[in-house]
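Each residue of the sequence shown is one higher than the one before, starting from 53 at the first, in our numbering.
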Amino acid sequence: MGWRPSTDPYAGCTCGSGRKYRYCCLKIDRERARQLAYGVETADEPAPIAETLGETSSIGWVAVTGGVARIPRGHGGESPAARAARLVARAWATPDGLERLALARRALALDPDCADAQFILAEESAAPEDEKLAGYRTAMDCAERALGPEYFAEHQGRFWTLPETRPYMRSRKAVADLLHAMGRTAAAAGHYRDLLLLNPEDNQNCRECLAACLLELGLWEELASLLRRYEEDAACWWDYGRAAVEYVRASGSASRAVEYLTEARETNPQVPAFLRGERRLPQGLAEVLRLGDATAAAVFATLFGRALASHPPLLEWLCAA
53 MGWRPSTDPY AGCTCGSGRK YRYCCLKIDR ERARQLAYGV ETADEPAPIA
103 ETLGETSSIG WVAVTGGVAR IPRGHGGESP AARAARLVAR AWATPDGLER
153 LALARRALAL DPDCADAQFI LAEESAAPED EKLAGYRTAM DCAERALGPE
203 YFAEHQGRFW TLPETRPYMR SRKAVADLLH AMGRTAAAAG HYRDLLLLNP
253 EDNQNCRECL AACLLELGLW EELASLLRRY EEDAACWWDY GRAAVEYVRA
303 SGSASRAVEY LTEARETNPQ VPAFLRGERR LPQGLAEVLR LGDATAAAVF
353 ATLFGRALAS HPPLLEWLCA A
């Protein structure tokens with residue numbers, strides 16, 4: 053069976069370690085991508101069957117989040133798009149940011165619509181937020197054109213499981229995340245909603261981000277609906293989100309709200325200390341998120357802190373000793 057990398061860099065690694073992919077198998081997978089890009093095979097793994105890339109395949113079978121395929125070599129009639137895809141595969145394989153940028157620029161010189169290369173330029177950019185956002189949108193637009201409108205209608209609900217959709221999903225998630233960070237919460241929420249429609253399984257953890265947006269916007273019924281959709285989640289955002297919704301619905305006086313808050317604190321008692329500012333948020337979050345630990349509490353405070361600050365009585369209630 054041919055190799056391919058496991059998942060989104062910020063999602064849990066599919067090897068089962070419980071660590072985020074970027075901190076677990078990403079380096080190993082990048083090295084494997086380098087081997088594939090240069091036509092190198094390991095002694096114990098046969099080469100996968102190569103598929104010839106067409107003019108419109110610049111985003112489909114290259115080294116993108118969770119999907120690297122063998123790019124055929126040695127064909128005299130190789131298209132510019134296929135050559136660009138090979139360069140992007142090398143870009144994803146290298147740990148050197150400057151080399152990655154150089155390879156992405158070379159890819160774009162061959163194929164200006166190469167979504168992967170556009171994404172790399174935006175991801176590695178130190179430009180102001182507006183320029184970075186424009187770069188992510190360019191990548192998203194390239195990926196959308198490559199798929200076509202009929203593809204969206206036919207495959208809605210199955211995105212991410214199809215490797216050719218991942219450049220679009222990742223670039224659109226990047227657009228949403230940056231909009232959220234910039235305080236453009238309503239716009240970010242729109243993107244998160246659409247991403248969840250395209251991929252209800254939510255490999256990219258959009259539901260937590262949407263929950264934070266809905267809380268900040270005061271869209272309590274939609275937040276309650278989202279909580280019902282993902283009621284099997286065992287995470288801070290779900291437990292404290294449920295308590296917040298019940299508190300607002302009951303104007304802070306219902307016993308059920310208190311019951312939910314008690315359960316949330318039993319799940320992770322460290323959240324209030326982070327929300328009160330008694331514990332400082334770490335510079336970088338740990339590799340492993342465990343239910344109830346300080347890192348999970350810090351992640352919740354990072355994602356939901358601004359949203360809760362926009363509702364002072366709710367924040368005070370959640371933080372009360």
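Every residue gets a Cβ at the ideal spot worked out from N, C-alpha and C, and that includes glycine.
Cut-off 8 Å between Cβ atoms - residues of its own chain near residue i, not counting five sequence neighbours on either side
i           : result
residue 248 : 254, 258, 259 and 262
residue 355 : 260, 261, 264 and 289
residue 139 : 155, 156, 158, 159, 162 and 169
residue 209 : 249, 250, 251 and 252
residue 243 : 224, 225, 227, 228 and 231
residue 332 : none
Residues that residue i bridges to, as DSSP identifies them
i           : result
residue 214 : 211
Spatial neighbours of residue i in its chain, beta-carbon cut-off 6 Å, leaving aside the 5 residues before and after
i           : result
residue 162 : 132, 135 and 136
residue 266 : 274 and 275
residue 365 : none
residue 360 : 367
residue 330 : none
residue 302 : 309
Proximity of residue i and residue j at Cβ, strictly below 8 Å
i           : j           : result
residue 309 : residue 299 : yes
residue 297 : residue 327 : no
residue 240 : residue 219 : no
residue 145 : residue 167 : no
residue 234 : residue 176 : no
Short CB-CB distance (under 8 Å) between residue i and chain B
i           : result
residue 252 : Protein chains in the displayed structure number just one, and chain B is not present.
Own chain partners of residue i with C-beta closer than 7 Å, once the 5 adjacent residues on each side are dropped
i           : result
residue 282 : 259 and 290
residue 294 : 279 and 312
residue 338 : Below a pLDDT of 50, predicted positions are generally treated as unreliable, and residue 338, at 49, falls in that range; the measurement from the model is reported next regardless. So the qualifying residues of the chain are 347.
residue 374 : Given that the chain is displayed from residue 53 to residue 373, the structure contains no residue 374 and the question cannot be resolved.
residue 237 : 265, 268 and 269
Separation of residue j from residue i, as counted between CA atoms
i           : j           : result
residue 320 : residue 347 : 10 Å
residue 312 : residue 201 : 43 Å
residue 353 : residue 323 : 7 Å
residue 271 : residue 142 : 44 Å
residue 362 : residue 164 : 42 Å
residue 193 : residue 171 : 11 Å
residue 351 : residue 325 : 13 Å
residue 211 : residue 246 : 11 Å
residue 183 : residue 217 : 24 Å
residue 149 : residue 213 : 28 Å
residue 349 : residue 306 : 25 Å
residue 358 : residue 173 : 29 Å
residue 277 : residue 178 : 38 Å
residue 345 : residue 285 : 16 Å
residue 314 : residue 147 : 45 Å
residue 3   : residue 318 : Nothing in the structure corresponds to residue 3, since the chain is present only between 53 and 373.
Exercise. At a cut of 8 Å, does the segment 219 to 230 reach the segment 179 to 194 through at least three beta carbon pairs?
Worked result: yes
For this session: Inspect the CB distances between the segment 173 to 188 and the segment 225 to 245 and report whether three or more fall short of 8 Å.
Result: yes
Exercise. Would you say the segment 198 to 208 touches the segment 147 to 155, given that touching needs at least three Cβ pairs under 8 Å?
Worked result: no
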